[in-house]
Amino acid sequence: MKELQHLNKYFLKYKTNLIAGVIITIIARMFLLFTPRYVKKVFIVIEQYFANSISTEVFKAELLEAIIYIVGAAFIGGVLTFFMRQYIINVSRYIEFDLKNEIYEQYQKLSLNFYKKNRTGDLMNRISEDVSRVRMYAGPAIMYSINTITLFVIALIYMFKESPSLTLYTIMPLPILSVVIYKLSKEIHKRSTIVQEYLSKLSSFTQESFSGISVIKAYGIETQTALNFETLAAESKEKQISLARVQAWFFPMMVLLIGASNLIVIYIGGMQYINGEIESLGTIAEFIIYVNLLTWPVATVGWVTSIVQQAEASQKRINHFLKIEPEIKNTVEAETEINGNITFKNVSFTYDDTNIQALNNVSFDIKEGETLAILGKTGSGKSTILDLIGRLYDIDSGSILINNKEISQLNLNNLRDNMGYVPQEAFLFSDSLKNNIKFGKENATDEEVIQAAKNAQVHKNITKFSKGYDTILGERGITLSGGQKQRVSIARAIIKSPKILLFDDCLSAVDTETEEKILKSLYKITQGKTTVIVSHRVSSAKNADKIIILDEGKIVQQGTHDTLIETEGYYKHLYLKQLSETSSK
Numbered sequence: 005m006k007e008l009q010h011l012n013k014y015f016l017k018y019k020t021n022l023i024a025g026v027i028i029t030i031i032a033r034m035f036l037l038f039t040p041r042y043v044k045k046v047f048i049v050i051e052q053y054f055a056n057s058i059s060t061e062v063f064k065a066e067l068l069e070a071i072i073y074i075v076g077a078a079f080i081g082g083v084l085t086f087f088m089r090q091y092i093i094n095v096s097r098y099i100e101f102d103l104k105n106e107i108y109e110q111y112q113k114l115s116l117n118f119y120k121k122n123r124t125g126d127l128m129n130r131i132s133e134d135v136s137r138v139r140m141y142a143g144p145a146i147m148y149s150i151n152t153i154t155l156f157v158i159a160l161i162y163m164f165k166e167s168p169s170l171t172l173y174t175i176m177p178l179p180i181l182s183v184v185i186y187k188l189s190k191e192i193h194k195r196s197t198i199v200q201e202y203l204s205k206l207s208s209f210t211q212e213s214f215s216g217i218s219v220i221k222a223y224g225i226e227t228q229t230a231l232n233f234e235t236l237a238a239e240s241k242e243k244q245i246s247l248a249r250v251q252a253w254f255f256p257m258m259v260l261l262i263g264a265s266n267l268i269v270i271y272i273g274g275m276q277y278i279n280g281e282i283e284s285l286g287t288i289a290e291f292i293i294y295v296n297l298l299t300w301p302v303a304t305v306g307w308v309t310s311i312v313q314q315a316e317a318s319q320k321r322i323n324h325f326l327k328i329e330p331e332i333k334n335t336v337e338a339e340t341e342i343n344g345n346i347t348f349k350n351v352s353f354t355y356d357d358t359n360i361q362a363l364n365n366v367s368f369d370i371k372e373g374e375t376l377a378i379l380g381k382t383g384s385g386k387s388t389i390l391d392l393i394g395r396l397y398d399i400d401s402g403s404i405l406i407n408n409k410e411i412s413q414l415n416l417n418n419l420r421d422n423m424g425y426v427p428q429e430a431f432l433f434s435d436s437l438k439n440n441i442k443f444g445k446e447n448a449t450d451e452e453v454i455q456a457a458k459n460a461q462v463h464k465n466i467t468k469f470s471k472g473y474d475t476i477l478g479e480r481g482i483t484l485s486g487g488q489k490q491r492v493s494i495a496r497a498i499i500k501s502p503k504i505l506l507f508d509d510c511l512s513a514v515d516t517e518t519e520e521k522i523l524k525s526l527y528k529i530t531q532g533k534t535t536v537i538v539s540h541r542v543s544s545a546k547n548a549d550k551i552i553i554l555d556e557g558k559i560v561q562q563g564t565h566d567t568l569i570e571t572e573g574y575y576k577h578l579y580l581k582q583l584s585e586t587s588s589k
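All residue numbers for the sequence shown refer to our numbering, where the first residue is 5 and numbers rise by one.
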């Protein structure tokens with residue numbers, strides 16, 4: 005139960021509803037327990053009538069009164085049970101809502117390193133399957149536990165008043181039941197944890213398969229993928245069956261023990277009636293009803309125990325993520341105006357997951373309104389510089405200054421609000437084209453959306469779709485071509501007119517003619533804005549105020565286009581190579 009203590013704050017939050025639900029539950033069970041007492045009264049009245057102890061009129065009146073009480077108590081108990089479920093089950097839904105939001109907020113805070121080390125399917129499983137199992141603990145498990153305790157306490161009090169010895173015989177099987185539950189609960193907890201782990205593996209596998217379906221089809225490995233899924237699903241099935249085998253012991257054991265209690269009541273009660281130890285057969289009938297009223301609560305003990313064990317296993321998995329401290333923390337509340345001055349001083353950075361040093365003692369300076377172009381071979385550290393400017397990672401050594409302040413001393417949200425970032429792999433959401441562009445500025449007008457699309461040279465493409473800007477994209481923007489996705493991503497970045505623009509090789513999927521048009525538009529847009537362009541093409545870099553060449557995380561060349569083409573090195577060789585390729589076309 006230690007892991008489930010995390011939910012205590014939510015129980016306190018909704019304590020009013022829970023307390024009301026508990027009170028209603030107790031009252032509802034008290035009304036339900038009127039029935040056995042009045043059934044006994046019916047038996048007594050019948051015995052008195054046939055013994056000629058009461059008249060026919062009295063017999064009818066007593067019988068009618070008992071029936072009215074039984075029906076009335078059942079009706080009131082039913083109404084109260086409805087409200088009991090409304091209060092307690094609704095609380096579980098509130099807690100489910102809050103817990104999902106808490107997990108999602110934590111996911112939002114965690115750094116990119118976290119997402120590199122964890123699979124998407126597993127993250128989804130914890131916020132869906134695991135939270136659903138926890139909800140069962142926060143609602144049904146609590147409701148039935150209160151129900152069971154109330155019934156047991158009140159029923160046992162009534163039973164002891166009637167016949168202490170018969171009560172002791174009746175509850176004799178219950179300690180055996182407690183031992184069985186304890187033994188089975190430990191095994192259920194262990195197997196529930198394994199089942200949840202396999203559900204995460206299945207979610208991760210299917211999510212990756214659907215996301216990479218085009219690759220699977222292109223390589224013709226549908227059969228092999230299906231076989232891999234079948235193997236994983238078979239393993240998961242075995243774990244589920246293993247858990248079900250243990251859970252399956254509960255109800256048969258309870259039915260057996262409740263049946264034993266009924267037999268004990270009939271036999272012992274009958275002997276006591278014959279010996280004159282109990283005054284009426286109504287007492288036996290009353291005890292049989294009590295035993296059967298306790299049948300479902302006793303049966304739910306196993307079910308509730310199973311729910312609690314599964315919820316604890318799920319909450320443990322949830323807590324594991326909730327306890328992770330975000331690597332990138334926003335420690336500054338005050339917002340400052342971002343002017344766009346960026347300085348790297350002896351910056352070094354190594355990726356934790358691969359232990360690859362991406363940058364080694366890198367230094368450069370960009371003044372407000374300038375454009376910096378970064379070129380270099382694949383893996384030279386170009387994209388890393390953009391990630392560090394956006395503070396997606398924290399550096400190992402050196403310093404990054406923006407506005408002549410350490411980047412860690414700036415309000416993180418304010419910093420990113422003043423940036424427009426176009427990643428190397430354009431990611432679009434399964435939403436309309438308009439909303440994908442407005443993602444950069446939620447309150448943008450339609451005119452602003454269209455202008456941003458025109459500047460990104462994608463407006464004409466959009467207008468050719470039957471629904472234009474209202475066209476709904478497939479997952480990850482699969483509806484569009486690579487070049488169209490990049491241009492929509494550019495429109496999204498420039499629509500909010502940020503102080504700093506970061507372009508990560510975002511024109512790689514467009515032809516040279518379109519690239520030239522986009523660059524001309526960007527040249528106008530980026531006036532007065534600090535711009536950093538990562539590219540493999542000289543055409544994207546030649547108009548920049550500064551150009552740096554990276555190789556294995558170090559700056560090996562820097563200067564302007566004119567100075568670099570006059571100097572032997574990577575830039576000149578790349579320029580001549582691309583010039584010859586353009587001439588041969």
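Glycine included, each C-beta is placed from N, C-alpha and C at the ideal position.
Measuring C-alpha to C-alpha distances from Leu-170 to each of Met-275, Phe-233, Ile-72 and Arg-139 identifies Met-275 as the nearest.
No residue range can be given for Tyr-223, since it is assigned to no beta strand (DSSP E) and is classified by DSSP as neither H nor E. Contact between the segment 239-257 and the segment 159-166 is absent, with fewer than three C-beta pairs closer than 8 Å. Looking at the backbone, the Cα of Gln-428 and that of Phe-507 are separated by about 8 Å. For the 9 Å CB-CB criterion, Tyr-173 and Ile-268 form a contact. Between the segment 344-352 and the segment 395-410 there are three or more inter-stretch CB-CB distances shorter than 8 Å, so the stretches are counted as touching.
Ile-245 and Leu-188 have their C-alpha atoms roughly 15 Å apart. For Asp-508, the enclosing beta strand (DSSP E) starts and ends at 504-508. The alpha helix (DSSP H) runs lying completely inside the segment 192-217 and spanning 4 residues or more number zero.
The alpha carbon of Asn-465 has as its nearest neighbour, out of Glu-451, Glu-452 and Lys-489, the alpha carbon of Lys-489. Judged by DSSP in its simplified three-state form, Leu-116 adopts helix. For the pair Ser-136 and Gln-314, the Cα-to-Cα distance works out to about 10 Å. Beta-bridge annotation (DSSP): Met-423 is paired with Ile-504. By the Cβ test, the segment 122-138 is in contact with the segment 203-222, since at least three Cβ pairs between them sit closer than 8 Å.
With respect to the 9 Å criterion, Ile-441 and Ala-456 are classified as neighbours on the basis of their beta carbons. Asp-134 and Asn-21 have their C-alpha atoms spaced approximately 24 Å apart.
Note that the C-beta distance between Ile-504 and Lys-533 is below 9 Å. Annotated three-state conformation of Ile-150 is helix, per DSSP.
Between the alpha carbons of Phe-291 and Gln-52 lies a gap of roughly 20 Å. Annotation: Asp-357 to Asn-117 spans about 7 Å, alpha carbon to alpha carbon.
Listed in chain order, the non-local C-beta contacts of Thr-518 below 6 Å within the same chain comprise Gln-461, local neighbours out to five positions each way being set aside. Boundaries of the alpha helix (DSSP H) around Leu-526: 516-529. When C-alpha distances from Glu-520 are compared across Lys-17, Val-542 and Ile-217, the shortest belongs to Val-542. As a beta-bridge residue in DSSP terms, Thr-535 pairs with Thr-375 and Leu-505. For the pair Tyr-91 and Ala-24, the CB atoms are nearer than the 9 Å cut-off. Relative to the Cα of Thr-564, the nearest Cα in the group Asn-459, Ala-377, Ser-470 and Phe-443 belongs to Ala-377.
Each of Val-536, Gly-478, Ile-150 and Gln-110 was checked against the Cα of Ile-131, and the nearest Cα belongs to Gln-110. Counting of Cβ neighbours within 10 angstroms places Gly-486 among the exposed residues, the total staying below 16. The beta carbons of Val-492 and Leu-437 sit closer together than 9 Å. According to the DSSP assignment, Thr-174 belongs to the alpha helix (DSSP H) that extends over 168-174. Between the segment 219-238 and the segment 277-284, the count of Cβ pairs shorter than 8 Å is below three; the stretches do not touch. For the pair Lys-44 and Val-308, the Cα-to-Cα distance works out to about 32 Å. DSSP, read as helix, strand or coil, puts Asp-555 in strand. Where Ala-362 is concerned, the enclosing beta strand (DSSP E) starts and stops at 361-370.
Per DSSP, Asn-465 is one residue of the alpha helix (DSSP H) stretching across 463-467. Bounds of the alpha helix (DSSP H) holding Val-492 are 486-498.
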